[in-house]
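Numbering-wise, full-length UniProt numbering puts 18 at position 18 of the sequence shown, and it's gapless, one number per residue. Yeah, the Cβ is synthetic: ideal placement off N, Cα and C, and Gly gets one too. One structure is given here, and the rest of the page talks about it.
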Amino acid sequence: MNRQHRMPPPRVVTLTQMLAARERRARRQQQALQCFGNTLICGTLIAPGGIKDSAAYRRLSHYAREAVAALCREKQWPVCWHQRWLHATGPEFMLVVEAAATEVKAALIALEERHPLGRLWDLDVLNAAGEVMSRTQLGIPPRRCLICPEPAHLCARARRHALWLIKEEIHHRMEHYERNNLAAPDAVTGTTGAADGGGVVAGGNADAETGAGG
1 MNRQHRMPPP RVVTLTQMLA ARERRARRQQ QALQCFGNTL ICGTLIAPGG
51 IKDSAAYRRL SHYAREAVAA LCREKQWPVC WHQRWLHATG PEFMLVVEAA
101 ATEVKAALIA LEERHPLGRL WDLDVLNAAG EVMSRTQLGI PPRRCLICPE
151 PAHLCARARR HALWLIKEEI HHRMEHYERN NLAAPDAVTG TTGAADGGGV
201 VAGGNADAET GAGG
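See the structure below:
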């Protein structure tokens, strides 16, 4: 019998779960830095509201990983290690690369600015000492809001835009990208819930895929 892995029903996550996810991510970052002692890229998504995991969000994370991998090839940065996870709190991925953290951060900011979906990604860079690289360190202005030209952090702090409007903008950008760049978007994660064709399926918080680069 041909079994298909289905996406679990959408779950609204709690603040407690989000705080636990942040702590779990920090532990993974420290473990990766201790093991490899090089620049770490950590990818998450801009996902407002209580639902952080869905087929669309998994596709969005897949596009981010594809774009980062292509950038590494373009810049000829050796990838020492990479891993991804599927959680109710949202898909995540990490890579360790052999390159200067400032160079990596500058290149990822440029990627976020030029890619049609880049504004929906959150690509953090940590140096070998575990310090998070910032736009300010590179003299680059803060990210702009999804809805207006103001800095995103100011709009978020003031809750300037309705949640439905932000989610609608995310949906519109995804729809436009997939319509113009992909023949069959569902082939990326599948309507069955298999993630990114990598053999990782939806279901538990332990879902992960690991690899070491050469």
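Next item on the list: Within its chain, find whatever has a CB closer than 6 Å to the CB of T191; leave out the 5 residues flanking it on each side and keep chain order.
Entry: In the sequence shown, counting from the first residue as 1, residue 191 sits at position 191. Low per-residue confidence applies at T191: pLDDT is 35, beneath 50, and the placement is therefore not dependable enough to give any value.
Note to self: Counting C-beta neighbours from all protein chains within 10 Å, is the total for E178 16 or more, i.e. buried, or is it exposed?
What the structure shows: If you number the sequence shown from 1, residue 178 lands on position 178. Residue environment: E178 is assigned as buried (16 or more neighbouring CB atoms within 10 Å of its CB, all protein chains considered).
Check: If you draw a straight line from the alpha carbon of D53 to that of Q76, how long is it in whole angstroms?
Finding: In the sequence shown, counting from the first residue as 1, residue 53 sits at position 53. In the sequence shown, counting from the first residue as 1, residue 76 sits at position 76. Using only the alpha carbons, I get a separation of about 32 Å.
Check: Do you know whose CA, among V12, A20, E131 and R65, lies nearest L120's CA?
Finding: Position 120 of the sequence shown holds residue 120. If we check each option's Cα against that of L120, R65 comes out closest.
Next item on the list: Put W77 into one of helix, strand or coil per three-state DSSP.
Entry: For the purposes of this step, residue 77 is taken as residue 77 along the sequence shown, with counting starting at 1. W77: coil per DSSP, three-state reduction.
Margin query: Since E169 and L146 should fall inside the 8 Å C-beta cutoff, what is the C-beta to C-beta distance between them, to a whole number of angstroms?
Written below: Translated into positions along the sequence shown, residue 169 becomes position 169. Translated into positions along the sequence shown, residue 146 becomes position 146. E169 to L146, Cβ: 5 Å. Contact.
Item checked: Beta-bridge partners of R144, as assigned by DSSP -> Translated into the one-based positions of the sequence shown, residue 144 becomes position 144. In DSSP, R144 forms a bridge with P151.
Next item on the list: With DSSP as the reference, label L182 as helix, strand or coil.
Entry: Here residue 182 is taken as the residue at index 182 of the sequence shown, counted from 1. Three-state DSSP puts L182 in coil, outside helix and strand.
Checklist line | Residues bridged to C42 (per DSSP) | finding: Indexing the sequence shown from 1 puts residue 42 at position 42. Per DSSP, M94 and D124.
Notebook entry, point to check: For the alpha helix (DSSP H) that contains L117, what are its first and last residues?
Noted result: Translated into the one-based positions of the sequence shown, residue 117 becomes position 117. Unbroken run through L117: none, as it is neither H nor E.
Item checked: Three-state secondary structure assigned by DSSP to H161 -> For the purposes of this step, residue 161 is taken as residue 161 along the sequence shown, with counting starting at 1. Reduced to three states, the DSSP call for H161 is coil.
Note to self: T39 and V104 - do their beta-carbons sit closer together than 8 Å?
What the structure shows: The sequence position of residue 104 within the sequence shown is 104, counting from 1. The sequence position of residue 39 within the sequence shown is 39, counting from 1. It is a contact, given that the beta carbons lie within the stated cut-off.
Item checked: Limits of the alpha helix (DSSP H) - the one that T16 falls within -> Stepping through the sequence shown from its first residue, residue 16 is reached at position 16. That run of the alpha helix (DSSP H) goes L15 to F36.
Notebook entry, point to check: Hey, would you say T44 sits closer than 8 Å to E92, going by beta carbons?
Noted result: Residue mapping note: residue 44 aligns to position 44 of the sequence shown, counting from 1. Residue mapping note: residue 92 aligns to position 92 of the sequence shown, counting from 1. In this structure, E92 lies closer than 8 Å to T44 by Cβ.
Check: Taking the C-alpha atoms as reference points, what is the distance between H172 and L165?
Finding: As a first step, residue 172 is located in the sequence shown; it is residue number 172 there, counting from the start. As a first step, residue 165 is located in the sequence shown; it is residue number 165 there, counting from the start. The alpha-carbon atoms of H172 and L165 are separated by roughly 10 Å.
Next item on the list: Compare the C-alpha of C35 against each of G130, L86 and P151 and name the closest.
Entry: Counting from one through the sequence shown, the residue named residue 35 turns up at place 35. Nearest C-alpha to C35: G130.
Note to self: Please state the DSSP three-state secondary structure of R58.
What the structure shows: Position 58 of the sequence shown holds residue 58. If DSSP states are grouped into helix, strand and coil, R58 belongs with the helices.
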